[in-house]
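Taking it in order: structure first as structure tokens, then the write-up.
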Amino acid sequence: MEQSDFERSVNALLEQQKQGWPLAQANYLGLKQVESRTISFDGFQIQLQFNPERIRSSAAKTDFKSIQQRACFLCADSRPPEQQGVSFGEDYTVLINPFPIFEKHLTIPLNRHSPQEITPYFSDLLDLSRQLPEFTVFYNGPKCGASAPDHFHFQAGNRNRMPVDSEIGPIASRWGELLFKDEKTSITAVGKKYLRKLCYLRSESKEALVFHMDRIRGFLNERGQEGEPMMNLLANYRANQWELILFPRDQQRPRQFFAEGASQILMSPASVEMGGLVILPRKKDFKQLTACDVRDIYGQVSINDADFEELKAKIKQRP
Ligand SMILES: [Zn+2]
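In terms of our numbering, the sequence shown opens at residue 4 and continues consecutively.
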């Protein structure tokens, strides 16, 4: 695939930061040694990554009081002096995530301190993914894995690193339920056979995606969750169209996260986990996590069956 000038400057930034910023250098080198393990299911995989540096994100306190008491690590004036950035338009700065999950891991904050909410910025997600064809760009809702819910940001990681990037095509053909189709756009639902329920939107038209996302968000709003409907979003641009995966959510963290002693599992699902790459900061969890735990945890954090059926029925009614 052709690299854009923008993507070339992002890659140059990655190289420069890995050389010139000791924290990033150590953590990107460390990533090469992380242990991983695969749990196979019928026609798909969940990959586990043991990554102790991610403890600050997995166990991040994101309640209002904790957020108030810390300096914002995404605001330009409180970022580390070594951290450089590349502008994306006038509104965003592309940064290297110094605690990587991906060989290329970007954090892309808005250039002003404003809360995490997708509505005003959704079309920016599409623009960004189009300009970063080598990456999957993603959004964590404020209660779905964002460790800075007070400062709007996207993230991006190498495409095809999360299992869902390559699985979604075959999985949608096998288990998908077509909810909507016209000449430019299709919306397919995948249910709990894939452990986490999702809507898969494909379109060559940005306007169509903005329209359909708005409509789906309206339906999700009717579920009555406080604030923005809980969700994770993954965006790709390939073969002249966008591919967007929306995971509607019920819980921020599973009950195992809050358990004590041996039954505790520090797994805090965000976009990357919903994409099938599970980050575990503790060795014990990495070694012991079973297929049964994975199924149970996805079941808890995904939208419940009844609400998903209702959502599908609403999407099927033609706009
Ligand atoms: Zn900020």
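By construction, the Cβ of each residue, glycine as well, lies at the ideal position given by its N, Cα and C atoms. Since we're looking at a predicted model, the values are computed, not measured.
Taking 8 angstroms as the cut-off, the Cβ atoms of Lys35 and Gln28 do not count as close. In the three-state reduction of the DSSP assignment, Ser266 falls in the helix class. The C-alpha of Glu120 is placed about 28 angstroms away from the C-alpha of Leu51. The stretch 201-217 makes contact with the stretch 236-252, as at least three CB pairs between them are under 8 angstroms. When only Cα atoms are considered, Ser176 and Gln320 end up about 22 angstroms apart. DSSP lists no beta-bridge partner residue for Val37. Ligand 1 never approaches Leu181 closely enough for any of its heavy atoms to be under 7 angstroms from the residue's Cβ. Where His215 is concerned, there is no enclosing beta strand (DSSP E), although the alpha helix (DSSP H) around it starts and stops at Lys209 to Asn224. Membership of Lys184 in the beta strand (DSSP E) is indicated by the continuous run Glu180 to Lys184. Annotated three-state conformation of Arg256 is coil, per DSSP.
Taking the Cα positions, Asp185 is about 33 angstroms away from Phe44. In the three-state reduction of the DSSP assignment, Ile70 falls in the helix class. Contact between Lys200 and Ser305 is confirmed by a C-beta separation of about 5 angstroms, below the 8 angstroms threshold. Of all C-beta pairs linking the stretch 255-273 to the stretch 281-289, three or more are shorter than 8 angstroms, placing the two stretches in contact. Between Tyr124 and Phe91, the gap from beta carbon to beta carbon reaches 8 angstroms or more. Within a 10 Å sphere around the beta-carbon of Gly88 sit 16 or more other beta-carbons, which makes this residue buried. One residue list follows from the rule of a beta carbon closer than 5 angstroms to any heavy atom of ligand 1, given in chain order as Cys75, Leu77, Cys78, His116 and His154.
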